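Residue numbering for the sequence shown follows our numbering, beginning at 1 and increasing consecutively.
Reading through the structure tokens given below for one structure.
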Amino acid sequence: CAYGYIYLPYACLRLRFWHFLPHGQPYQAFNHVQLTGSSMALPLPPGLVPSEVAFLCDMELVTVLPRQRLESIDLLSGTTPALRPPYRSNLPLWLAILLKKQRRANIVPPPWLHPDSLRDIIHHETIVDAKGWAPPPPPPARADGRGNARRFAAVDDDRTPLSPPFLPSCTAAAPSGALPYHWFELAEMLLAHAADDVQSASEVRSLLRDLQEVRAAKMRASTTSLESGIDGVMSLRGVGAMELAESRGFVTGVVDGVRKIGASAEAVRREEEEERRDGDDDDPSDDDMGL
1 CAYGYIYLPY
11 ACLRLRFWHF
21 LPHGQPYQAF
31 NHVQLTGSSM
41 ALPLPPGLVP
51 SEVAFLCDME
61 LVTVLPRQRL
71 ESIDLLSGTT
81 PALRPPYRSN
91 LPLWLAILLK
101 KQRRANIVPP
111 PWLHPDSLRD
121 IIHHETIVDA
131 KGWAPPPPPP
141 ARADGRGNAR
151 RFAAVDDDRT
161 PLSPPFLPSC
171 TAAAPSGALP
181 YHWFELAEML
191 LAHAADDVQS
201 ASEVRSLLRD
211 LQEVRAAKMR
221 ASTTSLESGI
231 DGVMSLRGVG
241 AMELAESRGF
251 VTGVVDGVRK
261 IGASAEAVRR
271 EEEEERRDGD
281 DDDPSDDDMG
291 L
């Protein structure tokens, strides 16, 4: 007999093929399907892997400049706006890249992907706040009719509060000088599929590489503060999704090591206290000495 293996993301199906009976007579294939436990022997790591983070980034809204007319499309995430040149529209990243490949639209890069904005962010990361990260973009706001600005989809609103990737932090109206949650993977996708739409693409690549190295060094150095700070607590405000996915194993390993060291130190301290208490009890008293 021969064996064939088909691997699925979360399970492994083993298909056993029987070609011949013991007497050489042909027999039907796919004798049975058996679910093996090989995938259960190696559990999946906690959290999202980088490929899953990149998949979620495809839902980020970006601004496109259509070249052709296109009617709205009904998607699971909602209905897309109708494209009418030369008016800009916001579309999911995966659809914008598809239209870009078909030469039916151009992608307008967000303002934070401009070289000047990246330089300002690097200056903030290295000079202004050498230990923290650049703040994320503020949530969108709108006027409430009385001259006040309110956050879009606030808690007291009837609609569900929005969160990445459903915030307009990667569109042409996004603020400059602030990195969104999916900044790294979105920049890589735009440079890979729409480099001609990005101003000074080669310079942007170099600045992104410098920014990634600076932030990665901060992530590694931030774990040293866990020993003197609150046990297992560190600020991650402004850290991107891909940075969290890549550093999760390292950071959790350091946190577990610090907790084990703290637990062992606490156990040693308790043993010393017990030995000291037992030593005090064993000291001879005045009554025992006959005084």
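Each residue gets a CB set at the ideal place from its N, CA and C atoms; glycine is no exception.
Here the structure is a predicted model, which is why all the values come from computation and not from measurement.
P135 and P46 have their C-alpha atoms spaced approximately 26 Å apart. In this structure the region 187 to 203 does not lie against the region 77 to 84, because fewer than three pairs of beta carbons, one per stretch, are closer than 8 Å.
When DSSP assignments are scanned along the region 91 to 125, the uninterrupted stretches of alpha helix (DSSP H) that are 4 or more residues long and fall wholly within it turn out to be 93 to 101 and 115 to 123.
Judged by DSSP in its simplified three-state form, P66 adopts strand. Within the same chain, and ignoring the five residues on either side of S169 in sequence, the residues whose Cβ sits closer than 6 Å to its Cβ are P137 and P180. Shortest Cα-Cα distance from P66 to any of F55, R88 and V49 involves R88.
Approximately 6 Å separates the beta-carbon atoms of D197 and P109; this is inside 8 Å, confirming the contact.
Looking at the DSSP output, S89 bridges to V64. Looking at the DSSP output, D74 sits in a beta bridge with T79. Counting only runs of 4 or more residues that sit fully inside the region 184 to 250, the alpha helix (DSSP H) segments are 201 to 222, in chain order. Within a 10 Å sphere around the beta-carbon of R277 sit fewer than 16 other beta-carbons, which makes this residue exposed. Taking the CA atoms as reference points, R237 sits about 18 Å from S176. Taking all protein chains shown into account, I121 has 16 or more neighbouring C-beta atoms within 10 Å of its C-beta and is therefore buried. Excluding its 5 nearest sequence neighbours in each direction, W183 has C-beta neighbours in its own chain below 6 Å: G240, listed in chain order. Within the same chain, and ignoring the five residues on either side of A195 in sequence, the residues whose Cβ sits closer than 7 Å to its Cβ are A201.
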